[in-house]
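Enquirer:
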Ligand SMILES: NC(=O)c1ccc[n+]([C@@H]2O[C@H](COP(=O)([O-])OP(=O)(O)OC[C@H]3O[C@@H](n4cnc5c(N)ncnc54)[C@H](O)[C@@H]3O)[C@@H](O)[C@H]2O)c1
Ligand SMILES: [Zn+2]
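Numbering (the working numbering), first residue to last: 28 to 391.
1. Taking 7 Å as the cut-off, is the beta-carbon of residue 86 closer than that to any non-hydrogen atom of ligand 2?
2. Would you identify the three-state DSSP class for residue 267, choosing helix, strand or coil?
3. Tell me, to the nearest whole angstrom, how far the beta carbon of residue 298 is from that of residue 277; I am working on the premise that it is less than 8 Å.
4. Give me the residue from 36, 50, 92 with the minimum Cα distance to residue 29.
5. Here's the rule I'm using: 16 or more other beta-carbon atoms within 10 Å means buried, otherwise exposed. How should residue 227 be labelled?
6. Go to residue 383, then tell me how far its alpha helix (DSSP H) extends in each direction, as first and last residue.
7. Within a Cβ cutoff of 7 Å, which residues of the same chain sit near residue 122, ignoring the five residues on either side of it in sequence?
8. Are three or more beta carbon pairs between the segment 227-237 and the segment 255-270 nearer than 8 Å?
9. Looking only at its chain, what residues have a beta carbon closer than 8 Å to the beta carbon of residue 54, apart from the 5 residues adjacent to it on each side?
10. Give the DSSP-derived three-state secondary structure of residue 257 in the structure shown.
11. So within the segment 321-359, which uninterrupted alpha helix (DSSP H) runs reach at least 4 residues, ignoring any that extend past its ends?
12. Comparing C-alpha positions only, which one of 186, 119, 174 sits nearest to residue 24?
13. Does the Cβ of residue 263 lie closer than 7 Å to at least one heavy atom of ligand 2?
14. Just to confirm, are residue 361 and residue 301 a CB contact at a threshold of 8 Å?
15. Could you give the first and the last residue of the continuous alpha helix (DSSP H) run that contains residue 62?
16. Give me the Cβ distance between residue 77 and residue 129, rounded to the nearest whole Å; I'm assuming they're in contact under 8 Å.
17. Please check the pair residue 48 and residue 243, which I expect to be a contact at CB under 8 Å, by giving their CB distance rounded to whole angstroms.
18. How about residue 213 and residue 324: are their beta carbons less than 8 Å apart?
19. Tell me, which residues are paired with residue 98 by DSSP?
20. Could you give the DSSP three-state label for residue 202: helix, strand or coil?
21. Tell me whether residue 117 sits in a helix, a strand or coil according to DSSP, three-state version.
22. Only counting runs of 4 or more residues, tell me where the alpha helix (DSSP H) segments fall wholly within the segment 163-232, in order along the chain.
23. Please confirm whether residue 315 and residue 359 have their CB atoms less than 8 Å apart.
24. Give every residue of the same chain whose Cβ lies closer than 7 Å to the Cβ of residue 117, excluding the five residues on either side of it in the sequence, and list them in chain order.
25. Taking all protein chains shown into account, do 16 or more other C-beta atoms lie within 10 angstroms of the C-beta of residue 101, making it buried, or fewer, making it exposed?
26. Look up residue 262 in the DSSP assignment and say whether it is helix, strand or coil.
27. Name the two residues that bound the continuous beta strand (DSSP E) containing residue 35.
28. Label residue 391 either buried or exposed according to how many other C-beta atoms from any shown protein chain fall within 10 Å of its C-beta, with 16 as the threshold for buried.
29. Within the present structure, is the beta-carbon of residue 210 separated from the nearest heavy atom of ligand 1 by less than 7 Å?
30. Measure the Cβ-Cβ separation of residue 382 and residue 305 and say whether it is below 8 Å.
31. Is the beta carbon of residue 207 closer than 8 Å to that of residue 159?
32. With hydrogens ignored, establish whether the beta-carbon of residue 163 is closer than 7 Å to any heavy atom of ligand 2.
33. Grab the span of the alpha helix (DSSP H) containing residue 126 for me, first residue to last.
34. By a C-beta neighbour count over all protein chains shown, 10 Å radius and 16 as the cutoff for buried, is residue 229 buried or exposed?
35. Provide the residue(s) that pair with residue 369 in DSSP beta bridges, ordered along the chain.
36. For the beta strand (DSSP E) containing residue 89, list its first residue and its last residue.
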């Protein structure tokens, strides 16, 4: 079957996004031209898939050097990244070398950041292997690492030359990784696309089961939205990309409030969207029946409970650190319809308290 193709239109930085089942075998045909050497930054856990990738690259008559890495937030750290520059220098990577990011979102963020900074920037491509990375993080050019004070505080906008999503890789994902990715997929449905919402509703069991055909449709629909928004606001300065953060204000607070140990990113975003739906209703933007339709879908994803040991005040403290609070109010991405978002800068502490109670039944 021919792969699905999405064009990221960014002038000279334009690139193709390919989605298909078993695509990895045809990778060489899609690689950029004039490459002297390939450096693969891969997730060490993907034993069999790494072999598949390396064997697909064998037909090329250029050197391929693989650097396997332990994926996760610990990798997104300057101390973990610094020695990698040394490995690139040892491998004599030059300005015509290509970096391949092979793994989930953490590998993509780090590999893209190294590509942006090594010798002032060399080409890179993304081959995402988690649903979260295929449906969201691999596209958009946000690369970077964390600082002790917060997530993704150090980085660069640096677009890849190609993103290749092979849905065959998703078969081995655990149930939590699958749901985490579906969290981002459902974000696109809820915040942008009523028809897509209806479709996710109808296909939820296939999505949770991980049917490759259904997942490739979900990835295509999500990335079409992402590519559209990114192409209009590549440096995230105009507010056009803001709605992509739907569910992320409360979600990030849950992640940082639990030191990234309790929730996967998309799981926290699922809670965050449920919270934002409560705020949307409380602020009078969204009817109770529409809120219920969307919340019912989100409630079908099994995610860890919000720990009782994490107090409301602690969550809100993290939330306000993440978002610049304006006086007594805070800016939130809310929904005023299924598939339509609005930005509301006037969300009060009282609104947040009410929403927290509505969501959790807890007063503190
Ligand atoms: N740049 C962006 O725009 C953007 C957007 C959203 C999230 N992110 C970042 O993405 C990261 C989260 O992404 P993630 O969940 O993909 O992270 P990850 O790279 O940590 O992968 C999650 C887990 O899945 C495993 N894994 C990867 N591929 C697999 C496969 N095919 N089968 C089985 N297991 C597999 C990994 O080894 C890891 O244990 C976070 O660091 C987040 O900040 C970035
Ligand atoms: Zn996200």
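Ideal Cβ positions, reconstructed from N, Cα and C, are used throughout, including at glycine.
Expert: Reading it off the structure:
1. no
2. Looking at residue 267 - three-state DSSP - the assignment turns out to be coil, as it is neither helix nor strand.
3. 7 Å
4. Considering only alpha carbons, the answer is 50.
5. buried
6. 376-387
7. 146, 149
8. Judged by pairs of C-beta atoms under 8 Å, the segment 227-237 does not touch the segment 255-270, as fewer than three such pairs exist.
9. 80, 83, 84, 154, 191
10. For residue 257, the three-state secondary structure derived from DSSP is helix.
11. 339-349
12. Residue 24 lies beyond the range of the chain shown here (28 to 391); nothing can be said about it.
13. no
14. no
15. From DSSP, residue 62 is part of no alpha helix (DSSP H); its letter is neither H nor E.
16. Right, the Cβ-Cβ distance comes to about 7 Å (below 8 Å), so this counts as a contact.
17. 7 Å
18. yes
19. Answer by DSSP bridge pairing: none, since residue 98 is not bridged.
20. helix
21. helix
22. Whole alpha helix (DSSP H) segments, 4+ residues: 202-219, 221-229.
23. no
24. For residue 117, same chain residues with a beta-carbon under 7 Å away, outside a window of 5 residues either side, do not exist.
25. Under this definition residue 101 is an exposed residue.
26. coil
27. 31-35 is the extent of the beta strand (DSSP E) around residue 35.
28. Of the other Cβ atoms in all chains shown, fewer than 16 fall within 10 Å of the Cβ of residue 391; this residue is therefore exposed.
29. no
30. Against a cut-off of 8 Å, the Cβ pair of residue 305 and residue 382 comes out as a contact.
31. yes
32. yes
33. Premise fails: residue 126 lies in the beta strand (DSSP E), 124-130, not in any alpha helix (DSSP H).
34. exposed
35. 361
36. Under the DSSP assignment, residue 89 falls outside any beta strand (DSSP E); it carries neither an H nor an E label.
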